[in-house]
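Comments concern the structure below.
Number of protein chains: 2
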Amino acid sequence: MLEPGRTIGILGVGQLGRMLASAAAKLGFKVAVYGPEVEKSPAGQFATIRVDGAYEDAAAVEAFARGCDVVTYEFENVPASTAAAVTKAGVELRPNARALEASQERVREKNLFRKLKIGTVDFWPIADARDLAKALPKAGPSILKTCRFGYDGKGQARLQGDEDPEAVLAELGGGPWILEAMARFEREVSLVAARSVHGEIAYFDLCENQHKHGILARSVIPAEASASVKEQAREAVRKVLEHLDYIGVLTVEFFDCDGTLLANEMAPRVHNSGHHTLEACSVSQFEQQIRAVAGWPLRDAETVRPMEMLNLIGEEIEAWDELAADPEVDLTLYGKREARPGRKMGHAVRPWRK
Amino acid sequence: MLEPGRTIGILGVGQLGRMLASAAAKLGFKVAVYGPEVEKSPAGQFATIRVDGAYEDAAAVEAFARGCDVVTYEFENVPASTAAAVTKAGVELRPNARALEASQERVREKNLFRKLKIGTVDFWPIADARDLAKALPKAGPSILKTCRFGYDGKGQARLQGDEDPEAVLAELGGGPWILEAMARFEREVSLVAARSVHGEIAYFDLCENQHKHGILARSVIPAEASASVKEQAREAVRKVLEHLDYIGVLTVEFFDCDGTLLANEMAPRVHNSGHHTLEACSVSQFEQQIRAVAGWPLRDAETVRPMEMLNLIGEEIEAWDELAADPEVDLTLYGKREARPGRKMGHAVRPWRK
Numbered sequence: 019m020l021e022p023g024r025t026i027g028i029l030g031v032g033q034l035g036r037m038l039a040s041a042a043a044k045l046g047f048k049v050a051v052y053g054p055e056v057e058k059s060p061a062g063q064f065a066t067i068r069v070d071g072a073y074e075d076a077a078a079v080e081a082f083a084r085g086c087d088v089v090t091y092e093f094e095n096v097p098a099s100t101a102a103a104v105t106k107a108g109v110e111l112r113p114n115a116r117a118l119e120a121s122q123e124r125v126r127e128k129n130l131f132r133k134l135k136i137g138t139v140d141f142w143p144i145a146d147a148r149d150l151a152k153a154l155p156k157a158g159p160s161i162l163k164t165c166r167f168g169y170d171g172k173g174q175a176r177l178q179g180d181e182d183p184e185a186v187l188a189e190l191g192g193g194p195w196i197l198e199a200m201a202r203f204e205r206e207v208s209l210v211a212a213r214s215v216h217g218e219i220a221y222f223d224l225c226e227n228q229h230k231h232g233i234l235a236r237s238v239i240p241a242e243a244s245a246s247v248k249e250q251a252r253e254a255v256r257k258v259l260e261h262l263d264y265i266g267v268l269t270v271e272f273f274d275c276d277g278t279l280l281a282n283e284m285a286p287r288v289h290n291s292g293h294h295t296l297e298a299c300s301v302s303q304f305e306q307q308i309r310a311v312a313g314w315p316l317r318d319a320e321t322v323r324p325m326e327m328l329n330l331i332g333e334e335i336e337a338w339d340e341l342a343a344d345p346e347v348d349l350t351l352y353g354k355r356e357a358r359p360g361r362k363m364g365h366a367v368r369p370w371r372k
Numbered sequence: 019m020l021e022p023g024r025t026i027g028i029l030g031v032g033q034l035g036r037m038l039a040s041a042a043a044k045l046g047f048k049v050a051v052y053g054p055e056v057e058k059s060p061a062g063q064f065a066t067i068r069v070d071g072a073y074e075d076a077a078a079v080e081a082f083a084r085g086c087d088v089v090t091y092e093f094e095n096v097p098a099s100t101a102a103a104v105t106k107a108g109v110e111l112r113p114n115a116r117a118l119e120a121s122q123e124r125v126r127e128k129n130l131f132r133k134l135k136i137g138t139v140d141f142w143p144i145a146d147a148r149d150l151a152k153a154l155p156k157a158g159p160s161i162l163k164t165c166r167f168g169y170d171g172k173g174q175a176r177l178q179g180d181e182d183p184e185a186v187l188a189e190l191g192g193g194p195w196i197l198e199a200m201a202r203f204e205r206e207v208s209l210v211a212a213r214s215v216h217g218e219i220a221y222f223d224l225c226e227n228q229h230k231h232g233i234l235a236r237s238v239i240p241a242e243a244s245a246s247v248k249e250q251a252r253e254a255v256r257k258v259l260e261h262l263d264y265i266g267v268l269t270v271e272f273f274d275c276d277g278t279l280l281a282n283e284m285a286p287r288v289h290n291s292g293h294h295t296l297e298a299c300s301v302s303q304f305e306q307q308i309r310a311v312a313g314w315p316l317r318d319a320e321t322v323r324p325m326e327m328l329n330l331i332g333e334e335i336e337a338w339d340e341l342a343a344d345p346e347v348d349l350t351l352y353g354k355r356e357a358r359p360g361r362k363m364g365h366a367v368r369p370w371r372k
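Protein chains in written order, with the numbering used here: chain L, 19 to 372; chain P, 19 to 372.
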């Protein structure tokens with residue numbers, strides 16, 4: 019168990035890092051944050067130590083890691099060389115580099131699901147227009163995604179099956195790609211869970227999520243779900259956690275197709291659909307992550323008060339004063355200066371009644 | 019309403035400042051902390067801006083305040099000259115200087131209670147041994163306290179009434195003093211409440227407190243109490259808040275003498291007996307304080323889950339690993355390096371069942 023007073027390093031400077039910093043503060047740790055423009059960043063504003071640098075600068079990351087007792091991250095696009103730099107400094111990266119590799123490339127991610135016998139949609143790796151021309155007729159209505167660096171609906175295109183492969187790839191850019199059959203799902207759910215250094219797993223309740231323009235808009239904890247659906251989700255998450263010898267919080271998003279779950283994607287970190295664990299649960303996803311990476315035991319992640327969370331995207335933040343005045347709303351704002359379209363600026367949590 | 023992204027200044031570097039910083043982070047503010055050895059202090063470790071300086075250095079405080087949009091404090095012994103320096107910088111101090119004056123000197127505090135017709139114990143201002151010689155026979159079993167700078171039982175002596183006045187004052191030191199008749203109380207309770215810029219008041223539930231060696235050891239929210247006791251506490255707190263045109267969180271501690279409350283002392287700030295509002299209530303005392311000083315509306319301060327809080331004093335912190343492993347315990351550690359005797363190192367909160 020890492021002693022209070024030790025330093026937890028975080029790669030990444032956004033709102034997840036900010037909320038992780040508060041959780042680390044609660045448990046008596048110091049927090050060092052690494053990333054570009056760290057000083058004015060959401061996480062940097064509340065870090066004990068701020069180190070400005072590029073994620074690709076292995077030497078700088080190695081020096082940063084030497085000042086930490088353990089290192090974690092708040093986004094999955096940490097380059098492999100960066101993960102290696104932490105290890106080179108003699109410091110543990112939690113979750114480990116395998117978790118990063120598995121989740122930052124969509125084909126690898128889907129192959130892992132398949133290998134672990136976790137249901138997923140049909141998919142085709144796409145290296146060029148020839149691959150796409152072959153796959154499209156089989157796939158029919160489908161989604162073409164870049165294998166890397168897509169998030170919040172970016173790097174995606176919906177296809178009917180009759181498009182011109184060359185034109186589609188040129189427009190989307192940034193290959194290689196993956197073509198995914200469109201799931202006929204009723205709803206989307208996600209499961210956030212943590213695994214400790216001793217292999218103990220604590221699951222939050224399933225969340226039901228609604229997206230708008232590819233970005234999470236609303237999430238409810240707990241999702242209404244049958245015992246079978248809950249069990250499928252836990253089973254899938256458990257398999258991934260154990261296969262990767264994972265330490266920390268993992269999130270898997272699923273399509274719920276009439277009671278059968280298909281894994282859509284996973285994130286090796288605290289997740290937007292788990293923000294309301296702070297208000298709803300006996301412990302938050304942020305504290306579980308700090309506990310796990312610090313080698314502490316996890317807490318039970320019981321839902322005490324059902325809650326819904328609404329993301330505040332872009333100019334939706336302009337209603338902050340109305341939300342602040344709503345007696346039902348628990349408001350969290352991320353300290354970002356510019357409300358660019360599609361940018362997550364904060365979230366509002368309120369009690370959820372059926 | 020102060021806009022998110024603005025800077026809230028805090029005078030004081032301890033655990034209260036640390037928890038206030040987390041609450042400010044949640045609401046999208048920056049936090050500037052001022053005090054001695056700020057860099058490694060509990061609050062400084064998680065502040066956006068850290069300014070090292072003495073509380074008596076009016077010029078430095080004025081410069082600090084110029085960088086803030088509003089200034090608050092986490093301890094009541096802020097010198098009057100320091101409060102004036104904030105005002106001189108053209109920045110609002112919340113709660114105001116009158117709240118500081120009223121609560122940092124025990125005779126003034128008791129006189130205010132008396133003036134507002136809030137029940138309190140009999141008391142005698144003591145300037146010298148002659149005063150004490152006159153008061154002691156009237157008081158009988160009593161407590162002699164320094165008027166300023168006492169906390170956690172420091173600067174106090176219990177008297178039977180037959181002591182030698184000269185010797186007692188020489189031993190206690192640091193006059194002037196106040197002699198307080200010993201209340202025959204059943205228990206101690208406290209009420210934490212906040213008042214907004216618009217005069218709106220939100221009360222937390224009454225807490226029941228147990229002290230050990232003059233230091234708070236345990237607090238339960240909500241205290242079991244009759245409607246009359248609850249009403250007496252609210253009425254007392256309301257009178258003080260309104261009389262002082264107070265903005266922020268105020269705490270009043272009472273002796274419960276068989277259903278009659280006597281005000282013991284007040285603190286113009288978030289309070290140790292309100293820490294478990296974070297786990298127990300729909301909003302924490304820390305968020306209420308940030309909301310109030312930022313000119314935001316307050317939230318309802320309803321108890322959602324009854325909780326007890328145990329302070330971790332001095333070497334009690336050595337059991338941190340057992341507490342971290344207790345599935346019922348919500349642990350908060352303050353990031354202090356040295357566990358000196360009597361020093362508050364953290365607290366443990368757990369569900370309270372009768």
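In this text, a Cβ means the ideal position worked out from N, Cα and C, and glycines have one as well.
Determine the extent of the alpha helix (DSSP H) in which P/Ile-26 is found, giving its start and end residues.
Per DSSP, P/Ile-26 belongs to no alpha helix (DSSP H); it is in the beta strand (DSSP E), 25-29.
Short of 7 Å Cβ to Cβ, which residues in the stretch 333-364 of chain L face chain P?
Result list: Trp-338, Asp-339, Ala-342, Ala-343, Pro-345, Leu-349, Thr-350, Leu-351, Tyr-352, Gly-353, Arg-355, Gly-364.
What is the DSSP secondary structure of L/His-231, reduced to helix, strand or coil?
L/His-231 falls in the coil class under three-state DSSP.
Starting from P/Glu-204, follow the beta strand (DSSP E) in both directions and report where the run begins and ends.
It is not in any beta strand (DSSP E) - P/Glu-204 carries neither H nor E in the DSSP assignment.
According to DSSP, which residues form a beta bridge with P/Lys-163?
Its beta-bridge partners are P/Gln-174, P/Ile-196.
Going by DSSP in three states, L/Arg-368 sits in which element: helix, strand or coil?
The answer is strand: DSSP assigns L/Arg-368 an E or B state.
Which class does P/Ala-319 belong to by DSSP, given the choice of helix, strand or coil?
Coil at P/Ala-319, not helix or strand.
I'd like the list of long-range same chain contacts for P/Ala-72, defined as Cβ closer than 8 Å, with 5 residues on each side in sequence excluded.
Excluding positions up to five away in sequence, the list reads Pro-54, Ala-78.
Can you give the Cα-Cα distance for L/Glu-198 and L/Arg-148, rounded to whole angstroms?
Using only the alpha carbons, I get a separation of about 16 Å.
Helix, strand or coil, according to DSSP, for P/Ala-281 in the structure here?
Looking at P/Ala-281 - three-state DSSP - the assignment turns out to be strand.
Can you look up L/Arg-213 in the DSSP assignment and give me helix, strand or coil?
Reduced to three states, the DSSP call for L/Arg-213 is strand.
Chain P partners of L/Leu-45, CB-CB under 7 Å?
Chain P residues near L/Leu-45: Leu-349, Leu-351.
In the DSSP output, what is P/Ser-237 paired with across the bridge?
BP columns for P/Ser-237 point to P/Asn-227, P/Met-327.
By Cβ distance below 7 Å, which residues in the same chain neighbour P/Gln-379 in space, the five residues on each side in sequence not counted?
Chain P is shown only over 19 to 372; residue 379 of chain P falls outside these bounds and no answer can be derived.
So, is P/Arg-124 buried or exposed, given that buried needs 16 or more other C-beta atoms within 10 angstroms?
Answer is buried; the Cβ neighbour count reaches 16.
Could you give the DSSP three-state label for P/Lys-156: helix, strand or coil?
P/Lys-156: helix per DSSP, three-state reduction.
Using a threshold of 7 Å, state whether the C-beta atoms of L/Arg-36 and L/Ala-61 are closer than that.
Yes.
Suppose the cutoff is 6 Å on Cβ atoms and the five residues either side in sequence are ignored; what does the same chain contact list for L/Arg-236 look like?
Closer than 6 Å at the Cβ level, and outside the excluded window around L/Arg-236, lie Gln-228, Leu-328.
So the candidates are P/Glu-204, P/Ala-151, P/Pro-159, P/Arg-202; which of them puts its Cα closest to the Cα of P/Asp-182?
When only C-alpha atoms are compared, the closest one is P/Ala-151.
Please confirm if P/Pro-22 has its CB atom under 7 Å from at least one CB of chain L.
Answer yes: the Cβ-Cβ gap between P/Pro-22 and chain L drops below 7 Å somewhere.
With DSSP as the reference, please indicate the residues paired to L/Thr-269 in a beta bridge.
In the DSSP output, where bridge partners are listed per residue, L/Thr-269 has L/Val-210, L/Ala-285.
With C-beta atoms as the reference, is L/Ser-246 less than 7 Å away from L/Leu-316?
No, the Cβ-Cβ distance between L/Ser-246 and L/Leu-316 is not below 7 Å.
Apart from the five residues just before and just after L/Arg-126, which ones in its own chain have a Cβ nearer than 7 Å to its Cβ?
Counting only Cβ-Cβ distances below 7 Å, and skipping sequence neighbours, we find Glu-119, Ala-120.
In angstroms with no decimal places, state the Cα-to-Cα distance between L/Ile-308 and L/Ala-319.
C-alpha separation (whole angstroms): 14 Å.
Would you say L/Val-322 and L/Phe-272 are within 7 Å of each other, going by their C-beta atoms?
No.
Thinking just about the alpha-carbon of each residue, which of L/Phe-203, L/Leu-234, L/Ser-244 is nearest to the one in L/Asp-223?
Ranking the options by Cα distance to L/Asp-223, first place goes to L/Ser-244.
What do you get for P/Gln-303, buried or exposed, if any count of 16 or more other CB atoms within 10 angstroms of its CB means buried?
Buried: at least 16 other Cβ atoms inside 10 Å.
Could you name the residues of chain L that P/Val-322 contacts, counting a contact when the two beta carbons are closer than 9 Å?
By Cβ distance, chain L contributes Val-322, Arg-323.
List the residues of chain L whose Cβ lies closer than 8 Å to the Cβ of P/Arg-36, in chain order.
Near P/Arg-36 (Cβ distances below 8 Å), the residues of chain L are Ala-43.
Short of 7 Å Cβ to Cβ, which residues in the stretch 53-65 of chain L face chain P?
Hits within the stretch, in order: Gln-63, Phe-64.
Please report how far the alpha carbon of P/Gly-32 lies from the alpha carbon of P/Lys-58, in whole angstroms.
Answer to the nearest angstrom: the Cα atoms are 10 Å apart.
Mind listing the chain P neighbours of L/Asp-318? Cutoff is C-beta to C-beta under 8 Å, in chain order.
Those are Pro-345, listed as they occur along chain P.
Within its chain, find whatever has a CB closer than 6 Å to the CB of L/Asp-70; leave out the 5 residues flanking it on each side and keep chain order.
Excluding residues within five positions, the ones whose Cβ falls inside 6 Å are Val-56.
Please confirm whether P/Pro-113 and P/Gly-266 have their CB atoms less than 7 Å apart.
Closer than 7 Å, so yes.
Here's the rule: buried if 16 or more other CB atoms are within 10 angstroms of the residue's CB, otherwise exposed. What is P/Arg-202?
It counts as exposed.
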